[in-house]
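**Q** Note that the numbering used here has the sequence shown beginning at 138, numbered continuously upward.
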Amino acid sequence: MNEKFFADYKNFIVVPVEEKQVGRKVFDPQNYEGHYILTMSIFNSRLSSLKDANKYEINIEKSIKAVLDDFNQRQSGLYYLQALEVDTYKNYFILALSSKTKFEPGEEYARISFVIDKLLTNAFYVGQNWFNLIGNKGRVERKLFSFSFKEYKAGSQVQNY
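#1: Using the Cα positions of A220 and N148, report the straight-line distance between them to the nearest angstrom.
#2: I need the DSSP call for Y78, collapsed to helix, strand or coil.
#3: Can you name, in chain order, every residue of its own chain whose Cβ lies under 6 Å from the Cβ of K192, other than the five neighbours on each side?
#4: Among I150, F268, I174 and I195, which residue has its Cα nearest to the Cα of F286?
#5: Quick one: using the 10 Å Cβ neighbour count with 16 as the cut-off for buried, is N209 buried or exposed?
#6: Who pairs with G171 in a beta bridge, going by DSSP?
#7: Three-state secondary structure (DSSP) at L184?
#8: Which residue marks the beginning of the beta strand (DSSP E) containing Y216, and which one marks its end?
#9: In chain order, what residues of the same chain lie with their CB nearer than 6 Å to the CB of K239, ignoring the 5 residues before and after it?
#10: Can you tell me the Cα-Cα spacing of G275 and L281, whole angstroms?
#11: Would DSSP call E288 helix, strand or coil?
Rendered as structure tokens:
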């Protein structure tokens with residue numbers, strides 16, 4: 138991936154318009170201390186790109202939206218996930234994770250891993266039938282996602298090293 142990919146990141150932020158319902162709040166990034174950009178790919182994937190999910194009767198975009206809507210409702214005030222990029226011609230998608238508290242340095246991987254593996258994966262794996270997208274190794278390990286992350290700090294520039 139191009140190192141400058143997130144340089145103009147603010148251009149990709151689209152705050153979802155939520156219907157007014159009791160108990161549902163509109164996302165305000167100022168209410169969260171930590172923000173992370175997650176690059177998610179299917180572990181031991183059977184797909185060359187996300188568009189191949191149609192072979193398994195899975196609409197990636199609708200599936201992600203459904204899971205994130207449910208996640209945000211259940212984790213209201215603690216965590217918030219937002220899809221930033223879902224390009225079906227690629228083999229990964231980009232999410233933004235906002236956390237009520239900032240993760241301590243050195244704890245980030247464990248905390249983000251907990252959110253993905255314990256709070257998010259099952260909704261995709263069983264609820265959206267994404268178990269069909271992984272090979273035998275993924276099924277044995279019951280692991281759906283590989284991910285990488287970077288902390289997002291508003292206004293900071295991405296530098297090449």
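Virtual Cβ for every residue (Gly too), placed ideally from N, Cα, C.
Nothing here was measured: the structure is a model prediction, and the numbers come from that model.
**A** In this structure, then:
#1: Walking along the sequence shown from the start, residue 220 turns up at place 83. Walking along the sequence shown from the start, residue 148 turns up at place 11. For the pair A220 and N148, the Cα-to-Cα distance works out to about 13 Å.
#2: Outside the shown range of the chain (138 to 298) lies residue 78, about which nothing can therefore be said.
#3: The residue you call residue 192 lines up with position 55 of the sequence shown. Once the five neighbours on either side are set aside, K192 has no close Cβ partner at all.
#4: Reading the sequence shown from its first residue, position 149 is the one you call residue 286. Closest by alpha carbon: I174.
#5: Within the sequence shown, numbered from 1, the residue matching residue 209 stands at position 72. Buried is the call here.
#6: To locate residue 171, count along the sequence shown from 1; it is residue 34. BP columns for G171 point to S236.
#7: Working through the sequence shown from its first residue, we reach residue 184 at position 47. Residue state, collapsed to three classes: coil.
#8: Residue mapping note: residue 216 aligns to position 79 of the sequence shown, counting from 1. It spans Y216 to V223 - the beta strand (DSSP E) in which Y216 sits, taken as one unbroken run.
#9: Counting from 1 along the sequence shown, the entry for residue 239 is found at position 102. Excluding residues within five positions, the ones whose Cβ falls inside 6 Å are E170 and G171.
#10: If you number the sequence shown from 1, residue 275 lands on position 138. If you number the sequence shown from 1, residue 281 lands on position 144. Spanning the two alpha carbons is a distance of roughly 6 Å.
#11: Position 151 of the sequence shown, counting from 1, holds the residue named residue 288. Here E288 sits in strand by DSSP.
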